[in-house]
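Chemist: This is the structure I want to talk about, given as structure tokens.
In the working numbering, the protein residues as written are 231 to 651.
Shown next, in the form of structure tokens:
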């Protein structure tokens, strides 16, 4: 029985709404007489201290398309605020009417009174700020939008959208609107990340740092990932190195450009230039203390034999120099690894393209070193190192078995013609 009530209620409400719209279209009012100037005047006389009929009379004269009378509307709005000066909508409505009549001084006075009703409120600040923008007075609108950014950060995107249309200049927002506190810069950065504005992101990040605001680790990682995604690996790596030093973590050196190549560190950042490990159907990735080529543990990937896995979910971005030779090596151990497409290492260039891959391993292998060599093209900033298994169209395509990875090393070949003195 209960299951029938909800659909019937929905149908009834839909019918009621349709009937209401039909009545209005036909020029009738379904719940009684249509409001008119005469009836509202009668209501104001019967309850002279009630501000609502005066407010509605003001709206009536403002919205009566046959005879719009702003001056008459302003008169009734003034009567409404005389009876209740603590109603913000009365003041903002009055300000809009005065603006429409070209009386800017009176409009500003009404706006100030609207703010006084609830100085910290959202609606008044939003309305007042927008009215100042409509009047062509952005300087007077700035304090109200800045207040919204400081006290209503969840609504910040709308503020940025409006000012983006007003000025088209993120730097103007940075200089004039953003409150001088870390959370406000974080909000603006999040907006710019979504907008993909690389140059503005870099300016905001630099300004934040110049004010002494230190970014938390998740904020730094998000910033680095944004820069990497836009090909700014050098800038991202500079921030990454600074973050590692600040946290007391080892910084990659010329002996090994891979971060945590032995998978010994418990904390994996999951971004920047540390390992990224993502979930994928048909494979499970975990650290394993049972087997290790060096140290106490390795990275284990188990394939369950139910999927034709296109695996590239373990990877690390690396910063590289242009026109240099490098060598990438790792030790792999496999057990009962099926299909002809095995597991390998690969490097893929970011920006100027290049690609190299090691031999793939299948079947059973004790710890075996796989390696590859490559040379970066001019203007290269880096690439991404991946543990890779490619999807196959062969009949035997559902991969099963286990692979362990340890001692991943990336070094520059300093013996060639590009070696530095």
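Even glycine gets a Cβ: it sits at the ideal position worked out from N, Cα and C.
Would you mind stating whether residue 569 and residue 627 have Cβ atoms separated by less than 8 Å?
Modeler: Closer than 8 Å, so yes.
Chemist: Tell whether a beta-carbon distance below 8 Å holds between residue 640 and residue 464.
Modeler: It is not a contact, given that the beta carbons lie outside the stated cut-off.
Chemist: Would you report the Cα separation of residue 370 and residue 338, rounded to the nearest angstrom?
Modeler: Computed Cα separation, rounded: 10 Å.
Chemist: Does residue 637 come out as helix, strand or coil in the three-state DSSP assignment?
Modeler: If DSSP states are grouped into helix, strand and coil, residue 637 belongs with the strands.
Chemist: For the segment 495 to 511 and the segment 545 to 556, state whether three or more C-beta atom pairs, one from each stretch, are separated by less than 8 Å.
Modeler: Yes: the two stretches touch, three or more of their Cβ pairs being nearer than 8 Å.
Chemist: Put residue 254 into one of helix, strand or coil per three-state DSSP.
Modeler: Note on residue 254: pLDDT 39, under 50, position unreliable in the model; no value is reported.
Chemist: At the level of alpha carbons, what is the spacing between residue 459 and residue 469?
Modeler: Rounded to whole angstroms, residue 459 to residue 469 spans 15 Å at the Cα level.
Chemist: Where does residue 349 land, buried or exposed, given buried means 16+ other C-beta within 10 angstroms?
Modeler: Under this definition residue 349 is an exposed residue.
Chemist: Given that a residue counts as buried once 16 or more other Cβ atoms are within 10 Å of its Cβ, and exposed if not, what is residue 329?
Modeler: When all chains shown are included, residue 329 counts as buried.
Chemist: Assuming the contact rule is C-beta atoms closer than 8 Å, residue 353 and residue 388 should be a hit. Round their C-beta distance to whole Å, please.
Modeler: Their Cβ separation, rounded to whole angstroms, is 13 Å, which puts residue 353 and residue 388 out of contact at 8 Å.
Chemist: Comparing alpha-carbon positions, which option in 607, 535 and 615 lies nearest residue 574?
Modeler: Per the Cα distances, 615.
Chemist: Assuming contact is defined by CB atoms lying nearer than 8 Å, are residue 494 and residue 535 in contact in what I supplied?
Modeler: The answer is no: Cβ separation not under 8 Å.
Chemist: Between the alpha carbons of residue 314 and residue 281, how many angstroms are there, rounded?
Modeler: Each residue's alpha carbon lies about 6 Å from the other.
Chemist: So what's residue 394 in DSSP terms, helix, strand or just coil?
Modeler: If DSSP states are grouped into helix, strand and coil, residue 394 belongs with the helices.
Chemist: With 16 other CB atoms within 10 Å as the buried threshold, where does residue 346 fall?
Modeler: Under this definition residue 346 is an exposed residue.
Chemist: Using only the heavy atoms of the ligand MN, determine whether one of them is closer than 7 Å to the beta carbon of residue 615.
Modeler: The ligand MN is absent from the structure shown, which contains no ligand whatsoever.
Chemist: If you run the structure through DSSP and keep just helix, strand and coil, what is residue 561?
Modeler: In the structure shown, residue 561 sits in a strand (DSSP, three-state: E or B).
Chemist: Ordered along the chain, which non-local residues of its own chain (more than five positions away) have a Cβ less than 6 Å from that of residue 323?
Modeler: Excluding positions up to five away in sequence, the list reads 307.
Chemist: What is the DSSP secondary structure of residue 402, reduced to helix, strand or coil?
Modeler: It is helical.
Chemist: Thinking C-alpha only, which one of 484, 560, 516 and 624 is nearest residue 600?
Modeler: Residue 560 is the option with its Cα nearest to residue 600.
Chemist: Rounded to whole angstroms, what is the Cα-Cα separation between residue 252 and residue 299?
Modeler: Unreliable placement is indicated for residue 252, whose pLDDT of 44 sits below 50; the coordinate value is still reported in the next sentence. The straight-line gap from Cα to Cα measures roughly 28 Å.
Chemist: How many Å lie between residue 562 and residue 491 at the Cα?
Modeler: Going from the Cα of residue 562 to the Cα of residue 491 covers about 13 Å.
Chemist: Any idea what DSSP makes of residue 644, helix, strand or coil?
Modeler: Coil, per DSSP.
Chemist: What is the DSSP secondary structure of residue 631, counted as helix, strand or coil?
Modeler: Strand at residue 631.
Chemist: Which runs of the beta strand (DSSP E) spanning at least 3 residues fall entirely within the segment 294 to 362, listed in chain order?
Modeler: Runs found: none.
Chemist: Hey, out of 404, 414 and 384, whose CA is closest to residue 393's CA?
Modeler: It is 404.
Chemist: Please report the distance separating the alpha-carbon of residue 283 from that of residue 382.
Modeler: In a straight line, the C-alpha of residue 283 is about 33 Å away from that of residue 382.
Chemist: Whole-angstrom Cβ separation of residue 610 and residue 582, contact assumed at under 8 Å?
Modeler: Correct: roughly 5 Å between the Cβ atoms.
Chemist: Which whole-angstrom value is the C-beta distance of residue 451 and residue 502, which I expect to be below 8 Å?
Modeler: That pair is a contact at about 5 Å.
Chemist: At which residue ranges does the segment 432 to 507 contain complete beta strand (DSSP E) runs of 3 or more residues, listed in the order of the chain?
Modeler: Whole beta strand (DSSP E) segments, 3+ residues: zero.
Chemist: Ordered along the chain, which non-local residues of its own chain (more than five positions away) have a Cβ less than 7 Å from that of residue 471?
Modeler: If we look at residue 471 and ignore the five residues flanking it on each side, its Cβ neighbours are 481.
Chemist: Quick check: what's the CA-CA separation for residue 631 versus residue 473?
Modeler: Between residue 631 and residue 473, the C-alpha separation is close to 38 Å.
Chemist: Work out the CA separation of residue 416 and residue 401 for me, nearest whole Å.
Modeler: Cα to Cα, residue 401 sits roughly 15 Å from residue 416.
Chemist: If you follow the beta strand (DSSP E) that residue 545 is part of, which residue opens it and which one closes it?
Modeler: Counting along the chain, the beta strand (DSSP E) containing residue 545 begins and ends at 541 to 549.
Chemist: For the beta strand (DSSP E) holding residue 554, just list the boundary residues, first then last.
Modeler: No beta strand (DSSP E) contains residue 554, which DSSP labels as neither H nor E.
Chemist: Would you say residue 539 and residue 629 are within 8 Å of each other, going by their C-beta atoms?
Modeler: Yes, the pair counts as a contact, with Cβ atoms nearer than the cut-off.
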